[in-house]
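Start counting the first sequence at 111; every next residue gets the next number (the numbering used here). Notes to accompany the following structure.
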Amino acid sequence: MTVVTRFAPSPTGFLHIGGARTALFNWLLARHGGGQFRLRIEDTDRTRSTPEAVEAIFAGLRWLELDWDGDVVFQSANAARHRQLADDLLARGRAFRCYCTPEELAAMREAAKGEGGALRYDGRCRDRTDIPAGIDPVVRFRSPDGDDVVIDDHVQGEVRIPAAQLDDLVLLRSDGTPTYMLAVVADDHDMKVTHVVRGVDHLTNAARQLQLYEALGWTPPAFAHIPLIHGPDGAKLSKRHGAMAAAEYREMGFLPAAMRNYLARLGWSHGDDEIFSTEQAVEWFSLAAVGRSPARFDFEKLRSLNSTYIQRTGDDALYAAIAPGLGHMAGRPLTPEHRNRVTALLPELKKRAKDLRELVDAAHFLVADRPLELDQMASGILDADARELLARLKSRLGELEVWQGDTVEATVRSFADDEGLPLGMIAQPLRAALTGRAVSPGIFEVLQVLGAAEALGRLADAA
RNA sequence: GUCCCCUUCGUCUAGUGGCCCAGGACAUCGGCCUCUCACGCCGAAAACAGGGGUUCGAGUCCCCUAGGGGACGCCA
């Protein structure tokens, strides 16, 4: 039997970070087993589902490079099938019509609260024979009384839910549309899903669904309920924790590979391995190695991982990734000359960036027009003395016939000797004039990459 | 309220009864390197929630307590 997993988000918002990890785990499990990873949009609640959210989910998965197999299934398209299933259950006495009003149901829950039981539907319409006028009934599943439901979960282990906790869930709303509970079971069965991997918030749903599988005469899939991701404070991840949408991480300059690596390590591990390729993750992944305790999202660790991925990315690919941002910052299209400068210095630049935005920022001086804008630190460094010093250095550098890393370095060093100053006293003003900052890659590399004309020009501007 | 789950350094985790006076990674703090900042390298500090058992032996098994999380919709 080949593995078939699925990611089944409801299109009511963006693809959040927890969903992204659920998708990753499903993808990993499918790829590991040489099986299929399917995508299903759970849009049974038509009023809350939006096309924008569907697009956001696609975009998020594509960005993370989690490719799905076959066509996307829109759950709403299967409504007729779901209805037929409900009718069948009704005909076999496994479901019944319920005429309770929302007010009645609310009162029921209030009462249950006082009595100290589960907040559940009490089954009062189960054997009702009269048909109240003016009320469109819902169809409820007749949840079997008696035996506990045992979920043999691949992550949670054996979980036993008392039957008394499981009430008669709604299968068909009063307008005849199917609910999620019926739809997932039917679609997972119809799509031949073998492993349902989702958040633990669905654990009790699994018990209800198991009852449905039994009533329908179907073999249930394997279940794996993975722990949720929490915010830094241990509470459920929410907006106040900052970025939640996968798309925001792209905008913040995270690499998809780093994201996958980080997310994979949240709740799953392979010994002490911290940094691994997606291929390795596919090879190593197993549900048995997924933990049961919730993990907190650690932004700094993600950034650290991202920085190592940036360093491992080739300079051409990296240039392609930052070129749009660089051009935007420069306010005009980049020239081949700019491209050469940036790629030449990228090996140095990328050691200093934890995300792509920092990289763009650090590379900006290479494509900026003269006269350079100086930041506060840089203009502080360039006082009158420093400017005079630079003027002298400029004429020395101007005499150079061959502008290369070694000749430039030799010139600056001997200039420092002649001035009787430590190199640092020369390097900082030079850096300020050349980059507009107090911080940059090595000054000789900067000099070389900028080239004689541009470097001398910037020195003239500053001196 | 009822039910379910969780609990190893600040954080992510290794650990499946002896290999653990608990290992790795991020963060933190020192140091080296050094033209700045990084990178890199070296080093330090830092945890088995508490209490009972079981066992020759428990982070690992059982029970209780505490704390945390989740579920209980004509949402998914």
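The C-beta atom is built at its ideal place from N, Cα and C for all residues, glycine as well.
From the DSSP secondary-structure annotation, give me the bridge partner or partners of residue i.
i	result
residue 504	Its beta-bridge partners do not exist; DSSP assigns none.
residue 146	114
residue 268	262
residue 282	249 and 288
residue 124	In the DSSP output, where bridge partners are listed per residue, residue 124 has none listed.
residue 405	339
residue 328	Paired residues: none, contrary to the question.
residue 306	333
residue 378	400
residue 151	184
residue 346	340
residue 355	126
Comparing C-alpha positions only, which one of the options sits nearest to residue i?
i	options	result
residue 558	519, 570, 543 and 569	519
residue 194	371, 176 and 326	326
residue 212	553, 247 and 480	247
residue 158	178, 171, 120 and 232	120
residue 431	362, 402 and 273	362
residue 264	402, 198, 345 and 565	402
residue 563	354, 220, 514 and 532	514
residue 311	572, 266, 299 and 456	266
residue 347	302, 435 and 129	129
residue 405	188, 554, 340 and 236	340
residue 465	365, 152, 332 and 280	365
residue 375	512, 208, 412 and 344	412
residue 300	283, 284, 315 and 323	323
residue 357	171, 249, 532 and 153	171
residue 243	250, 208 and 215	208
residue 164	132, 124 and 512	124
residue 235	162, 524, 280 and 423	280
For residue i, which three-state DSSP category applies?
i	result
residue 261	strand
residue 385	coil
residue 333	strand
residue 438	helix
residue 573	coil
residue 395	coil
residue 207	strand
residue 464	coil
residue 184	strand
residue 160	coil
By Cβ distance, which residues of its chain are closer than 7 angstroms to residue i, with the 5 residues on each side in sequence left out?
i	result
residue 317	259, 261, 271 and 276
residue 136	115, 116, 117, 147 and 307
residue 437	443 and 444
residue 496	539
residue 399	378, 379 and 380
Just to confirm before moving on: does the CB-CB distance between residue i and residue j stay below 8 angstroms?
i	j	result
residue 99	residue 115	This structure cannot settle anything about residue 99, because the visible part of the chain is limited to 111 through 573.
residue 459	residue 473	yes
residue 202	residue 296	no
residue 536	residue 469	no
residue 150	residue 185	yes
residue 448	residue 415	no
residue 176	residue 369	no
residue 167	residue 407	no
residue 567	residue 451	no
Please work out which residues of its chain come closer than 6 angstroms, Cβ to Cβ, to residue i, disregarding the five sequence neighbours upstream and downstream, and give them in chain order.
i	result
residue 112	145
residue 204	252 and 325
residue 233	278
residue 231	277 and 278
residue 615	As shown, the chain starts at 111 and ends at 573. That puts residue 615 outside it, with no answer to give.
For residue i, I'd like the list of residues in its chain whose CB is within less than 8 angstroms of its CB, leaving aside the five on either flank, ordered along the chain.
i	result
residue 273	253, 254, 255, 256, 257, 258 and 259
residue 554	515, 518, 519 and 522
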